[in-house]
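In UniProt numbering, the protein residues as written are 1 to 166.
Every residue gets a Cβ at the ideal spot worked out from N, C-alpha and C, and that includes glycine.
Predicted model, so just to flag it, every value in this text is computed and none were measured.
Worksheet: the structure to be examined is printed underneath.
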């Protein structure tokens, strides 16, 4: 795999430039209550993160990325995991059925500003200048004030046996 942005490149030099206001959990569920699909974006300090898409059909996808904000928001996706989720005794369980390397970079303009949810409750909005359609995500997310977890939901999830046919 060839790294399109090696350490000596512009991305590599600016990868440590991050807008700390992004750090944490952003969700579109707050803006679209009752939707059959939701997307969460998690930006961690140090420049790692993931996008979590889930559907009422029990499908999910986690796209892991590194991020930087050298002007625009630059998301360098490196891994995508897909599978199904279920609830067992009140605990959400994820079963990974596909774990693939990914190599894509998305650069988007962004704005963080005050806004409202559909009920008029004040929220902090993250607005991207275009949707993240390649990852089944829109362009508007609300800050989650007190997230239950900032852990990647696919971390530690069961994986398919590599020796079994797909």
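Asked	Found
Proximity to residue 65 [Cα-Cα], best of 73, 56, 124	73
Segments assigned beta strand (DSSP E), at least 3 residues, entirely inside the region 73-147	73-88, 91-108, 110-116, 122-128, 140-143
Exposure label - residue 91; buried when at least 16 CB within 10 Å	exposed
Spatial distance of residue 106 from residue 112 (CA atoms)	18 Å
Rounded Cβ spacing between residue 144 and residue 27 (contact assumed at less than 8 Å)	5 Å
CB-CB length for residue 25 against residue 42, believed under 8 Å	5 Å
First through last residue of the beta strand (DSSP E) which encompasses residue 66	59-68
Cβ neighbours of residue 60 in the same chain (closer than 8 Å, five flanking residues each side left out)	52, 53, 54, 82, 83, 84, 85, 94, 153, 154
Reference residue 22; option with closest CA among 31, 49, 29	49
Proximity below 8 Å, CB of residue 96 to CB of residue 158	yes
DSSP-derived helix/strand/coil call for residue 150	coil
Selected residue, minimal CA-CA separation from residue 75, among 150, 128, 142	128
DSSP three-state assignment for residue 22, whether helix, strand or coil	helix
Under the three-state DSSP convention, the category residue 36 falls into	coil
Sequence-distant residues of the same chain with beta carbon closer than 7 Å to residue 19, five excluded per side	69
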